[in-house]
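Structure, as structure tokens:
There are 2 protein chains.
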Amino acid sequence: MVTMRDVAAEAGVSPMTVSNALTGRRPVSEATRRTVLEAVDRLGYQVNVAARSLRQGRTGVVGIAVPTLDSHYYSRLAHRLVRAFSQAGLATVVEETHASREGELAAFRDSRLNAYDGLVIAALGLTEREINALSREVPVVVLGEQELHQTVDHVSMPNVDGAEAATRLLLERGCRRLAIVGFPTLTDLEDVTLPEGAAFVLRAEGFARVVREHGATASAAYAGVTQAAGVACARDLLTRGEAPDGIFCVTDTLAFGVVRGLADHGVRVPDDVLVVGFDDVEDAEFHIPSLTSVAPDLEGLVGQTVHLLARRIASPRALPQDVTVSYRVVERESTTRP
Amino acid sequence: MVTMRDVAAEAGVSPMTVSNALTGRRPVSEATRRTVLEAVDRLGYQVNVAARSLRQGRTGVVGIAVPTLDSHYYSRLAHRLVRAFSQAGLATVVEETHASREGELAAFRDSRLNAYDGLVIAALGLTEREINALSREVPVVVLGEQELHQTVDHVSMPNVDGAEAATRLLLERGCRRLAIVGFPTLTDLEDVTLPEGAAFVLRAEGFARVVREHGATASAAYAGVTQAAGVACARDLLTRGEAPDGIFCVTDTLAFGVVRGLADHGVRVPDDVLVVGFDDVEDAEFHIPSLTSVAPDLEGLVGQTVHLLARRIASPRALPQDVTVSYRVVERESTTRP
DNA sequence: CGCTGTGTGTGTATCGATATACTCCTGAGC
DNA sequence: GCTCAGGAGTATATCGATACACACACAGCG
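Below is the structure:
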């Protein structure tokens, strides 16, 4: 491997001058700068990051830890975050936590910990207490899957409000027998702990509140987070008493499954039942029927995340911020009466 | 920061003994091992990866570079690769190249280069020559988007064969006016260079070959790789002379767009036209209509990739292998005549 | 009894880049 | 003519973990 020392020899200067010429940390005369750069080209020199970061204690890389990449929502979120950090001049690596406590601890603790200058994590498995403890050791921004209490930088989705809006939309469109897919019950909501974390609870809360306010009837079904789970929930709802005429799904992914599951039983959307999702993933626009969905302001979420993490890296003791981004409901065919 | 030296002092041994106790690289008596581990716990010691990898020249991390995570296919592929490497005991980080030459060079060269022990790259922008040159400097497995010539480990999809099978399926189902979506022409195929690389060319080749053999007529449309592009292509095909009755889309993503675009013009799948995709992404099963697709053996692809990279890391001068995985055609509603 | 071998542990040099303190030189100012 | 500021470059120590050579005790063996 060719080192800075080799470049220095080739250029007839000291290693330190090579370092200064390359990083610009200290001034170097124009002439020697050129000589150095030529030597670098000739030898094909590349800086050794391990050595640099050992010395500097920083790596210039931020980690992005998401539960899985095999998801409409998280793959898109990771993509947007990467792009935003890149525009801010920060390199990124993406890590999957498999929605497990261990995976999330790994993102914090693992050997790679001191390889990141900061971490963005969509935490599902860790408790608030754990997150608080860990956040003292490394700059971190938590993405909104938990309710936290101003102890760590936190950017969250408008879970309750968005769910309320979605549910109201169903009622406005004339639905009277509502259902929620992605949550197992409508009583004692806060006692339920799902593997997917608190976002689902908050969305269920919003749904339940509007149902209560309007004195509507509602049922609930839960079988997981995948499209297949959506299919199962649809079947479940159809074989149970009176079928719903409006379904709120806590994610678009579930909604896709639900629509598919309904179709399997000859139930048409929107003719027989209206469906609303949450997240407004790209596919919502292209499915048949296209899916009405709650669209959180992803750009805002990503922008805030980058901003907060950069701020925290710069000043580790800054006061933690808690931001909730805005949303809008994008209405499409799945709630448009024919 | 607490270092190995601190642990050594706490445990009353030398740093070297701590290292040996933790890595197991050299034997340590059971008693001192326990003492060391207790000291580690008490102080909350974590190894500094920068120092370790500077000394060892290895990091235990492999990089996975894909064009984008905002894609049905690549996000799933990245997910599977991460899982497979993890099962093989290797940590991974995922990087996006934005399908650009620069992004791919970055994956190789960027400061983080010497931070990976190996690289898996789905290269679209680099030339064969460049890949060959770079592959001499770092263990790399190229995922099948290029035709390479046994100069680098390479795992590829059954692009030509799969496309042929898909096209034959359309003919068998009675289609006579075929179309391909995702490729701009059917003459001088090999002269076309798409931003998406050679996979599209190969799929077009398979399509064109079968069309030729059967003396069928065919048209072509291209507008990019997204679902929106699929919509545009559908519109394009419908407004141009006689509409096709069978469409082969070079990716499922395009196919989703095409089906949607057709629906926008009142053309129904499969009633009026049959559609086949390629990749068999998860959504293919859940769309309405569900999408017939060429399903490459992803498990095989991922397994081979892990195997080849591990092998190359172990023995850098091993003879390069070129593997093409198998495929099957999964027939669903989009090609099932009502 | 001396000699080799094995099992444990320690000291030292090293990986490559860079922070820091230092030297040298040129030119301005009085 | 002399001092002093500051620009350009260099020597050295250091970040933390570990490869390597070495030390030492004790067992087995001829």
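Chains W and Y, in that order, are what the protein sequence lines are. Quick note on numbering: the first sequence equals residues 3 to 340 in the numbering used here. Quick note on numbering: the second sequence equals residues 3 to 340 in the numbering used here. Even for Gly, the Cβ is constructed at its ideal location relative to N, Cα and C. This one's a predicted model, so the numbers in the text were calculated from it and none came from an experiment.
Pick from the options: whose alpha carbon is nearest that of residue i?
i, options, result
"Phe280(W)", "Met159(W), Leu39(W), Gly59(W) and Ser317(W)", "Met159(W)"
"Arg330(W)", "Val227(W), Val269(W) and Asn161(W)", "Asn161(W)"
"Ala41(W)", "Ile133(W), Leu24(W), Ala165(W) and Asn50(W)", "Leu24(W)"
"Arg262(Y)", "Ala257(W), Pro291(W), Pro272(W) and Ala234(W)", "Pro291(W)"
"Val64(Y)", "Thr187(Y), Val84(Y) and Leu79(Y)", "Val84(Y)"
"His156(Y)", "Cys177(Y), Val122(Y) and Ala231(Y)", "Val122(Y)"
"Ala223(Y)", "Phe209(Y), Gly184(Y) and Asp254(Y)", "Gly184(Y)"
"Thr219(W)", "Ser77(W), Leu196(W) and Ile182(W)", "Ile182(W)"
"Ala201(W)", "Val252(W), Val38(W), Cys177(W) and Leu239(W)", "Val252(W)"
"Ala11(W)", "Pro197(W), Glu301(W), Thr34(W) and Pro318(W)", "Thr34(W)"
"Val212(W)", "Thr241(W), Arg178(W), Tyr47(W) and Ala53(W)", "Arg178(W)"
"Ala286(Y)", "Ser317(Y), Pro322(Y), Leu300(Y) and Asp254(Y)", "Asp254(Y)"
"Ser317(W)", "Glu301(W), Arg138(W) and Gly217(W)", "Arg138(W)"
Taking only beta-carbon positions, decide if residue i is within less than 8 angstroms of chain W.
i, result
"Val51(Y)", "yes"
"Glu106(Y)", "no"
"Leu303(Y)", "no"
"Ser113(Y)", "At Ser113(Y) the pLDDT is 44, less than 50, meaning the model places this residue with poor confidence; the figure from the coordinates comes in the next sentence. At least one chain W Cβ lies under 8 angstroms of Ser113(Y)."
Anything in chain W within Cβ reach of residue i, meaning under 9 angstroms, just list it in chain order.
i, result
"Val227(Y)", "Those do not exist, as Val227(Y) stays about 13 angstroms from chain W at its closest Cβ, beyond 9 angstroms."
Residue i versus chain Y: which residues are under 9 angstroms apart at the beta carbon?
i, result
"Ile346(W)", "There is simply no residue 346(W) to check, as chain W begins at 3 and stops at 340 in what is shown."
Are residue i and residue j close, meaning C-beta to C-beta below 8 angstroms?
i, j, result
"Val96(Y)", "Val96(W)", "yes"
"Ser336(W)", "Thr294(W)", "yes"
"Leu311(Y)", "Gly127(Y)", "no"
"Gly259(W)", "Leu276(W)", "no"
"Pro298(Y)", "Gly105(Y)", "no"
"Gln152(Y)", "Asp324(Y)", "yes"
"Leu191(W)", "Val278(W)", "no"
"Gln229(Y)", "Glu215(W)", "no"
"Met6(Y)", "Ser21(Y)", "yes"
"Asp282(Y)", "Val203(Y)", "no"
"Pro69(Y)", "Thr99(Y)", "yes"
"Val9(W)", "Leu45(W)", "yes"
"Ala109(Y)", "Val308(Y)", "no"
"Asp72(W)", "His81(Y)", "yes"
"Leu256(W)", "Val227(W)", "yes"
"Tyr118(W)", "Thr61(W)", "yes"
"Pro186(Y)", "Pro272(Y)", "no"
"Val38(W)", "Thr19(W)", "yes"
"Pro197(Y)", "Ala101(Y)", "yes"
"Ala234(W)", "Ala245(W)", "no"
"Phe250(Y)", "Thr169(Y)", "yes"
"Val143(Y)", "Ile133(Y)", "no"
"Ala231(Y)", "Leu264(Y)", "no"
Verify the CB distance criterion: does residue i have a CB-CB separation below 8 angstroms to chain Y?
i, result
"Asp238(W)", "no"
"Val96(W)", "yes"
"Val142(W)", "no"
"Pro340(W)", "no"
"Val275(W)", "no"
"Val331(W)", "no"
"Val84(W)", "yes"
List, in chain order, every chain Y residue whose beta-carbon is nearer than 7 angstroms to that of residue i.
i, result
"Asp72(W)", "Ser77, Arg78 and His81"
"Ser55(W)", "Ala52"
So with CB distances below 8 angstroms, who are the chain Y contacts of residue i?
i, result
"Val20(W)", "Those within 8 angstroms of Val20(W) in chain Y number zero; the least Cβ separation is about 16 angstroms."
Can you pull the chain W neighbours of residue i, defined as C-beta to C-beta under 8 angstroms?
i, result
"Val64(Y)", "Neighbours of Val64(Y) on chain W: none; closest Cβ ~11 angstroms, over 8 angstroms."
Please list, in chain order, the chain W residues whose beta carbon lies closer than 7 angstroms to that of residue i.
i, result
"Val9(Y)", "Here the premise fails: no neighbours, minimum Cβ distance about 15 angstroms."
Of the residues that make up the stretch 246-270 of chain Y, which ones have a beta carbon closer than 8 angstroms to any beta carbon in chain W?
Phe258, Gly259, Val261, Arg262 and Ala265
Looking at chain W, which residues of the stretch 277-291 of chain Y have a Cβ within less than 9 angstroms of any of its Cβ atoms?
Glu284, Asp285, Glu287, Phe288, His289, Ile290 and Pro291
What residues in the stretch 314-327 of chain Y have a beta carbon less than 9 angstroms from any beta carbon of chain W?
Within the stretch 314-327 of chain Y, not one residue has a Cβ closer than 9 angstroms to any Cβ of chain W.
Interfacial residues, the stretch 153-170 of chain Y to chain W, with Cβ spacing under 9 angstroms:
none
Could you list the residues in the stretch 169-195 of chain Y with a C-beta less than 7 angstroms from some C-beta on chain W, going in chain order?
none
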